[in-house]
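Okay, so the sequence shown: first residue is 10 according to this note's numbering, each after it adds one.
Glycine residues also receive a C-beta, built at the ideal position from the N, C-alpha and C atoms.
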Amino acid sequence: MSKRTAGSSARGSSSEIPRHVAVTLGVAALVATVLTAWNPASLDPGELVGQLMAALEGSSEKQPAEAEVPELTGALPIGVVAGHAGLHPDSGLDDPGATCPDGLTEAGINAEIARMVVTGLEGAGYETLLLEEFDARLDGFRGSALVSIHADSCAAINEQATGYKVSAAVETAVPDRSQRLVACMADRYGRVTDLRYHPNSVTLDMTEYHTFYEINSLTPAAIVEAGFLFLDRDFLTEEPEKAARGIVEGLLCFVNNEPATLPLSDLP
């Protein structure tokens, strides 16, 4: 009996050697596969280590061919709201926003700029969602950033009613990131367009913009007034691509962690 037991044990030990070698090679292949697939923009090193260790813990109970490579999570999308686009939920009618006497509408300006922004961001390799003002997809929207594009009044207010402004919510769960988004947007938009920065005319409609409270609280968000429909009409209607480029560069500044500072207003 003791000889048969010893003989069985010896055979078992010798048969384990190829299996351990196979497991070792399988783990090495797993590590190589994960490190090859790892994209720093979509998965941080700490998360990578956690997923890798979880996969390796199961490797002792599986044959190497059955070991699963951790599923990598893609980057969050960027949301772009075309201000006043779509139907208003209260009236069920189109909401043109600010309107000029000749029929030029804020909604039309916003929509054209927003489409160009989406095209620019997608061209830069970012997943982007074009959203309407009261889009159902805004409810709980989780993104790397969200910007809502608007234009200001078409009334002949005064000679200072020209330029752009940017604002985040007064109350936000991510104040530092939201303010950095505002800084990036204001800085890059001003550089590209050469318009005046107009922070002194930011209103409650901007700081308490309804979309800020519909999206996921961890999504940094900003609203931008791209110009005044009256004094900035020529710019908004003839150079919408420049306005779009300013917004794209502001968003890229934010998602790429580039430095930015709020510009000084040149208004008294």
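Contacts around residue i, its chain only, beta-carbon distance under 8 Å, and the 5 residues preceding and following it disregarded
| i | result |
| --- | --- |
| Gly106 | Gly92, His93, Thr114, Glu115, Ala116, Asn119, His159, Ala160 |
| Phe143 | Gly95, Leu96, His97, Pro98 |
| Leu273 | Tyr206 |
| Leu139 | Val89, Ala91, Ala123, Arg124, Val127 |
| Leu238 | Ala107, Cys109, Leu113, Glu115, Ile118, Ala160, Asp161, Ser162, Cys163, Leu245 |
| Thr132 | The sequence given here has Gly at residue 132, not Thr. Within the same chain, Gly132 has no close Cβ partners at all. |
Whole-angstrom C-beta distance between residue j and residue i, which should lie under 8 Å
| i | j | result |
| --- | --- | --- |
| Arg205 | Gly172 | 3 Å |
| Val90 | Ser157 | 4 Å |
| Ala231 | Ser187 | 7 Å |
| Thr216 | Ala178 | 6 Å |
| Leu85 | Gly152 | 5 Å |
Residues of its chain near residue i, where Cβ-Cβ distance is below 7 Å and the 5 sequence neighbours each way are ignored
| i | result |
| --- | --- |
| Glu250 | Met125 |
| Asp148 | Glu223 |
| Leu130 | Ile87, Thr137, Val257, Leu260 |
| Ile26 | At Ile26, the pLDDT of 40 sits below 50, so the modelled position is not reliable; the number obtained from the coordinates is stated separately. Result list for Ile26: empty, nothing under 7 Å. |
| Asp243 | none |
| Asp185 | none |
Length of the line joining the Cα atoms of residue i and residue j
| i | j | result |
| --- | --- | --- |
| Glu136 | Tyr218 | 24 Å |
| Glu180 | Glu168 | 32 Å |
| Asn209 | Gly134 | 35 Å |
| Gly259 | Leu240 | 23 Å |
| Val127 | Cys109 | 26 Å |
| Tyr198 | Ser176 | 13 Å |
| Phe150 | Asn266 | 21 Å |
| Leu183 | Pro229 | Residue 183 is actually Val in this sequence, not Leu. Answer to the nearest angstrom: the Cα atoms are 7 Å apart. |
| Arg146 | Asp214 | 21 Å |
| Ala165 | Leu227 | 39 Å |
| Ala235 | Arg189 | 18 Å |
| Asp203 | Ala252 | 10 Å |
| Ile122 | Ala269 | 23 Å |
| Phe263 | Ala154 | 8 Å |
| Asp104 | Gly112 | 13 Å |
| Lys174 | Gly101 | 29 Å |
| Glu248 | Asn225 | 33 Å |
| Ala170 | Val233 | 15 Å |
Contact set for residue i: own chain, Cβ-Cβ below 6 Å, skip 5 residues either direction
| i | result |
| --- | --- |
| Leu271 | Ala192, Ala195 |
| Phe221 | Ala178, Ala230 |
| Glu141 | Ala94, Gly95 |
Residues sharing a beta bridge with residue i, DSSP
| i | result |
| --- | --- |
| Val156 | Val89, Ala231 |
| Ser176 | Ile232 |
| Leu273 | Leu273 pairs with nothing; no bridge assigned. |
| Leu96 | Asp103 |
| Thr137 | Ile87 |
| Thr108 | Thr114 |
| Glu206 | Position check: residue 206 holds Tyr in this sequence, whereas Glu was assumed. BP columns for Tyr206 point to Tyr173. |
| Asp161 | Phe237 |
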